[in-house]
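K.L.:
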Amino acid sequence: MATDRTSLQERLEALKRAETDSGSMLENDKQDFNIDSKMAQAEKTLKKEVRSRERGEGESAEAPSGPVGLDIGTSHIIVAQNERRYIRTTNELNAFFTIPHSKFARNILVKNDVFFFEQDDLYYIVGYSAENFANMFDTDTRRSIKQGLLCSDEKEGLTVIQAIILSLIQKPKRLGEILCFGIPGDPIDGIGSVTYHESIIKMFINRIGFTPISINEGMAVVLSELAEHDYTGIGISIGGGMCNVCLSYLSFPVLTYSIQMGGDYIDSSAGSVVGIPATKVKAIKEKELSLIAKPKDRLTTALHIFYNELIQKLQKSMERVLSASNQIPMISKPIPIVLSGGTAMPEGFTDKFQKSLANVRLPVEISSVHLAEDPLNTTAKGALIMAMTEETPE
Ligand SMILES: Nc1ncnc2c1ncn2[C@@H]1O[C@H](COP(=O)(O)OP(=O)(O)OP(=O)(O)O)[C@@H](O)[C@H]1O
Ligand SMILES: [Mg+2]
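Straight run, no breaks: the sequence shown in the numbering used here ends on number 380.
If you want it as structure tokens, here you go:
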């Protein structure tokens, strides 16, 4: 792992030195949903099984030999690639933890294959390793992305994201290979700029050697899950930092937006009322929360309360945004809603979401609500499908 880390450090520094002309990159910026005959090939891929795994300790990045889908989420960064018989996704936790510089600490980190880099006299412990450290110090990990978006005032956030992406993928075998990454919809009532977030990530992806294109996260959910409905319906990703909503009509993202509320909000709100760190709440929630079972203690009571709040706010936002829009097409039959993202995973979530829809009035009729096949990998899979339908530039 020491060699891998050194090369990661070197690659990060080389990338920092590389001055790229951002203007030329932004010319590639147009998001184009002209889904042509390549869609047939992509649709075959859609039927493949997803095999997902966490990046292994000490594992070095590989050079992709085809289009790549990338999900840069508040909680996870996931790379998806198309193999002959399946879709392969590799994920790393998008979190970090800093400890002071010392020779002793360095030796221990290297010896234990901990994923870290050095900057400003600090060791940045990155990914799943950061979660172990936070639990050990009874505190929280830090996030490189807050509520779905990079902040311009956090330079270390970008360095952490770059380190994680470089631990998952290297320069592609064919220079200029398409890489499609998910971007949030504009937050309503929120903070942060999607344009800034998207442009900074595009510059970085371009420097690695890919041709970057972006896809709205909710649209990626539609591409991944609604082929049988001609890509017509509402795709919702409920992640760590936000909820992304996309109403798609025949594969066109008619309406997209986000609200900046997700699993992190539930963890910190429940943690603060019960008095335990959010990182610990997250671990308990992921392991055992059921929204069907009666809450058994103060923490699960709090988790149920904040889950209910999230569902209500999300559905109220759908009522408000969809009703105010004059872009809703005349759709003759009811359309499906598909839910994805880690926060939609607890037992009973889909049912709760469906029942609670009776409390809002949407301008479209809903035929069904279902959970994506693999909620944590849906965005990366949809981004891969999008990447496969794009032409690689000569
Ligand atoms: N089994 C589970 N049960 C409950 N919650 C879970 C489970 N697995 C993951 N989560 C939660 O899902 C969230 C992460 O989901 P996801 O990976 O989809 O988010 P993200 O894409 O990184 O974030 P975002 O899209 O908001 O930027 C975290 O809050 C995590 O705690
Ligand atoms: Mg997400």
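Using N, Cα and C, we set each Cβ at its ideal position, and we do this for glycine too.
1) Is Pro349 closer than 8 Å to Ile314 when the C-beta atoms are compared?
2) Starting from the Cα of Lys273, find the closest Cα among Arg37, Gly328, Ser237 and Gly219 and give me that residue.
3) Check each candidate in Val36, Glu376 and Ser303 and name the one with the smallest Cα separation from Pro173.
4) Starting from Ile314, follow the beta strand (DSSP E) in both directions and report where the run begins and ends.
5) To which residues of the same chain is Val307 closer than 8 Å at the C-beta, ignoring the five residues directly before and after it?
6) Thinking C-alpha only, which one of Leu296, Val259, Pro322 and Val346 is nearest Ala330?
7) Would you report the Cα separation of Asn118 and Ile111, rounded to the nearest angstrom?
8) Is Asp57 close to ligand 2? I mean its beta-carbon at under 7 Å from any heavy atom of the ligand.
9) Just to confirm the assignment: which complete beta strand (DSSP E) runs, minimum length 3, are found wholly within the stretch 274 to 349?
10) May I ask you to report which of helix, strand or coil DSSP gives Lys159?
11) Just reading off the beta strand (DSSP E) that Ile131 is part of, what are its end residues?
12) Distance, Cα to Cα, Pro263 vs Ile291?
13) In three-state DSSP terms, what is Phe101?
14) Using the rule of at least 16 other Cβ atoms within 10 Å of the residue's Cβ for burial, across every protein chain shown, is Asp18 buried or exposed?
15) My understanding is that Leu236 touches Ile220, with C-beta atoms under 8 Å, so please give their C-beta distance in whole angstroms.
16) Just reading off the alpha helix (DSSP H) that Glu117 is part of, what are its end residues?
17) Note down the Cα distance separating Ile169 from Glu140, rounded to an integer number of angstroms.
P.N.:
Reading from the atomic positions:
1) yes
2) Gly328
3) Ser303
4) Per DSSP, Ile314 belongs to no beta strand (DSSP E) and is neither H nor E.
5) Ile174, Val231, Leu241 and Tyr243
6) With distances taken between Cα atoms, Ala330 lies closest to Leu296.
7) 10 Å
8) Yes, since a heavy atom of ligand 2 falls inside the 7 Å radius drawn around the Cβ of Asp57.
9) 321 to 326
10) coil
11) First-last for Ile131: undefined, no H or E at that position.
12) 18 Å
13) coil
14) Note on Asp18: pLDDT 46, under 50, position unreliable in the model; no value is reported.
15) The Cβ separation is near 14 Å, so there is no contact.
16) Tyr114 to Met122
17) Their backbone Cα atoms lie some 19 Å apart in a straight line.
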